[in-house]
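Quick note on our numbering: the sequence shown kicks off at 1 and runs consecutively.
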Amino acid sequence: FLYKILQDNDLDAANEFYVACKTNDEVMKQQYHDYYFQYTLYDLKNHVYSILGEVEQLTMKAQSYDLETHPRVPVIVAHNDLVRHTFTMTQKLLDAME
């Protein structure tokens, strides 16, 4: 997420961060992560929220199908429930980071 943020906003910083990653410069990488933490957190939270919304829509769509013609719907819904649970836990962890 950080590299994408840097690419979109500061190409020089993105290039420096890339070099730090490729050369295993842990000090430089940590400096970037510390400095841009709030931006990374914001984008990561938005990603998690969008996945949760998408899973909800897909679950409602799957539940609208006739089980006679779509017998795998319960498997799909169970998978979506697992994804929802995982991302909800992630959301709580991210919310606690503010």
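All C-beta atoms, glycine included, are put in the ideal place defined by N, C-alpha and C.
Keep in mind it's a predicted model, so treat the numbers as computed, not measured.
Cβ-based burial, residue 6 [other Cβ within 10 Å; buried from 16]: buried
Coarse secondary structure for residue 96, derived from DSSP in three states: coil
Local Cβ density within 10 Å of residue 80, reported as buried at 16 or more and exposed below that: Result: buried.
Alpha-carbon to alpha-carbon, residue 50 and residue 40: 15 angstroms
Stretch pair the stretch 11–22 + the stretch 66–75: three plus CB contacts closer than 8 angstroms: no
Alpha helix (DSSP H) segment containing residue 11, residue limits: Its alpha helix (DSSP H) spans residues 11–22.
With 16 other Cβ atoms within 10 Å as the buried cut-off, status of residue 2: buried
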